[in-house]
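Written out as structure tokens, the structure is:
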């Protein structure tokens with residue numbers, strides 16, 4: 037059955053055609069996002085939901101979306117999506133961070149000019165038949181210092197444009213490396229220094245708990261007298277009441293505001309101030325940008341639903357369409373390794389270490405880690421997947437570490453998983469051969485070569501004669517057929533393991549009899565029904 041997508045906001049008709057051309061059924065209902073109850077009643081019919089800003093994807097909506105696999109936001113802002121709720125349900129949330137970068141950056145530069153030269157007020161005055169040349173005394177931007185808060189996709193474009201205008205650019209962004217700052221030609225500074233030095237300040241950061249109200253009364257007090265502030269990012273980054281007070285007092289000489297705390301903004305104190313330029317959230321509103329983000333979100337969602345490629349996901353490692361075929365077997369391997377340890381571990385997990393050896397060290401390790409965690413947690417939480425697993429691991433206080441190294445053994449690449457509890461440490465390693473099937477190559481430090489079967493029995497014992505007879509006898513007694521088996525030991529007379537491949541799940545009475553036999557140290561039924 038073809039995957040099915042709902043478009044609940046206005047998107048380009050070309051985007052709808054992209055879905056259909058790629059084998060995805062699509063229902064284009066651009067007004068449905070405004071009808072919360074109607075949307076709630078139909079959302080369980082869809083694998084994907086494509087939105088803009090009108091549709092609010094709440095926890096309640098996500099709970100009702102029992103088949104939903106991906107949410108695609110045509111645009112960069114995802115504050116209308118409950119990302120934690122989506123992640124807990126294993127739903128990928130994508131955006132299109134590059135589709136409107138140029139457009140939004142250009143609008144910020146336009147607002148900077150408009151505020152510096154009071155263009156809107158001068159335009160209105162001139163249209164009214166006045167000639168108030170002396171009233172509109174602006175300032176040059178050449179040689180001035182621009183402070184950029186948030187130097188990501190959009191902020192970096194603004195910075196480059198401002199440098200081209202002969203401005204000196206300083207930037208605050210916790211994720212901006214010194215190397216990247218050098219490439220852009222900006223000076224990386226702390227926020228307090230930016231406030232103290234900037235003649236103009238422009239915001240280009242998402243709205244989070246940490247960034248909400250980043251421009252407030254205290255921040256403004258630390259700024260230069262006569263500073264000018266531009267916000268084309270998100271309403272809520274500026275405490276509007278504090279900005280209004282500073283504008284009236286002259287501490288802030290002017291402001292260009294494209295986004296507001298409450299939208300649509302039909303009433304706002306900022307509207308009454310002559311030194312403020314306001315626009316109705318036009319940052320991404322160009323013909324090119326609207327088309328770009330619509331096409332991008334359709335391509336990304338279709339690629340995921342049809343090919344398994346993950347692009348621009350907020351809550352999931354990206355997997356390109358090119359790497360997906362090579363990565364897919366190792367994702368399955370990582371999940372199987374996690375599932376093995378998860379099924380034999382009864383105590384709370386404290387630490388997880390994942391070693392990537394050889395070729396696996398150069399793969400998409402974030403995706404492999406997510407897969408391993410999903411397998412590890414699934415015995416306790418059946419509906420966990422690669423999206424929700426890292427969050428669940430964090431919520432459980434599991435310490436995660438990874439190691440990568442060059443090839444050290446006979447295999448081109450393998451993954452080794454080490455799981456620690458308060459009681460013991462368990463290790464397992466595996467690889468994929470040319471057939472793409474996952475194989476166990478080491479368990480408890482014991483080397484072996486074992487395929488992965490759907491129904492398996494894992495036992496540990498001391499290396500003494502008669503173990504095979506005990507296992508076979510008990511299984512025969514209860515009419516359980518053994519299709520194959522693998523044995524391993526660390527040394528003669530030492531620790532030994534057995535992997536039995538079965539035609540069906542173990543009856544409880546077989547496990548009880550095995551566990552009561554003094555020769556068998558432990559017996560664990562395993563099931564590997566892994567799908568990607």
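Numbering (this note's numbering), first residue to last: 37 to 568.
The beta carbon of each residue, even a glycine, is placed where N, CA and C say it ideally should be.
- If the five residues before and after residue 362 are omitted, its C-beta is found closer than 8 angstroms to the C-beta atoms of 399, all from its own chain and listed in chain order.
- Using a Cβ-Cβ distance cut-off of 8 angstroms, the stretch 349-359 and the stretch 328-335 are not in contact, since fewer than three pairs of beta carbons, one from each stretch, lie closer than that value.
- Contact annotation: residue 126 and residue 337 have beta-carbon atoms that are not nearer than 8 angstroms.
- Take residue 209, set aside five residues on each side of it, and the residues of its chain with a beta-carbon closer than 6 angstroms to its own are 186, 187, in chain order.
- By the neighbour-count criterion, in which a residue is buried when 16 or more other Cβ atoms sit within 10 angstroms of its Cβ, residue 95 is exposed.
- Residue burial is scored here from C-beta neighbours: residue 302 has fewer than 16 other C-beta atoms within 10 angstroms and is therefore classed as exposed.
- Shown here, residue 554 sits in coil according to DSSP, grouped into three states, outside any helix or strand.
- By the C-beta criterion, the stretch 68-87 is judged not to be in contact with the stretch 360-380, since fewer than 3 inter-stretch pairs fall below 8 angstroms.
- For residue 520, the enclosing beta strand (DSSP E) starts and ends at 518-525.
- In the DSSP assignment, residue 328 falls within the alpha helix (DSSP H) that extends over 323-343.
- The beta carbon of residue 343 lies closer than 7 angstroms to those of 357, 360 in the same chain, with the five residues before and after it left out.
- Annotation for residue 389: the continuous beta strand (DSSP E) segment containing it runs 385-394.
- For residue 227, same chain residues with a beta-carbon under 6 angstroms away, outside a window of 5 residues either side, are 208 in chain order.
- Close CB contacts of residue 528 within its chain, under the 7 angstroms cut and outside five residues either way in sequence, are with 499 (chain order).
- Residue pairing by DSSP puts residue 560 in a beta bridge opposite 494.
- Taking the Cα of residue 179 as reference, the smallest distance to any Cα among 171, 198, 167, 172 is reached at 198.
- In the displayed model, residue 437 falls within a strand according to three-state DSSP.
- If the five residues before and after residue 142 are omitted, its C-beta is found closer than 7 angstroms to no C-beta atom of its own chain.
- Counting only runs of at least 3 residues, the stretch 233-298 fully encloses the following beta strand (DSSP E) elements, listed from N- to C-terminal order: 236-239, 263-267, 288-293.
- Put simply, the stretch 384-391 does not touch the stretch 487-505. Fewer than three CB pairs are less than 8 angstroms apart.
- Put simply, of 100, 409, 446, 476 the residue whose alpha carbon is nearest the alpha carbon of residue 436 is 409.
- The residue among 65, 544, 53, 556 with its C-alpha nearest the C-alpha of residue 531 is 556.
- Residue environment for residue 473: exposed (fewer than 16 other C-beta atoms within 10 angstroms of its C-beta).
- When beta bridges are read from the DSSP output, residue 533 appears opposite 496, 524.
- Taking the C-beta atoms as reference points, residue 268 is found nearer than 8 angstroms to residue 147.
- Comparing alpha carbon positions, the residue from 200, 297, 289, 293 closest to residue 248 is 297.
- Under the 8 angstroms Cβ criterion, the stretch 147-162 does not count as touching the stretch 118-136, having fewer than three qualifying pairs.
- For residue 402, the enclosing alpha helix (DSSP H) begins and ends at 401-413.
- DSSP, reduced to helix, strand and coil, places residue 86 within a strand of the structure shown.
- Contact check for residue 200 against residue 234 fails: the beta carbons are separated by 8 angstroms or more.
- The beta carbon of residue 536 lies closer than 6 angstroms to those of 493, 518, 521 in the same chain, with the five residues before and after it left out.
- In terms of Cβ geometry, residue 251 and residue 266 do not form a close pair [threshold 8 angstroms].
- Looking at the DSSP output, residue 183 sits in a beta bridge with 206, 237.
- Going by beta carbons, residue 117 and residue 109 fall inside the 8 angstroms limit.
- The DSSP-derived three-state label of residue 364 is helix.
- Annotation for residue 191: the continuous alpha helix (DSSP H) segment containing it runs 189-200.
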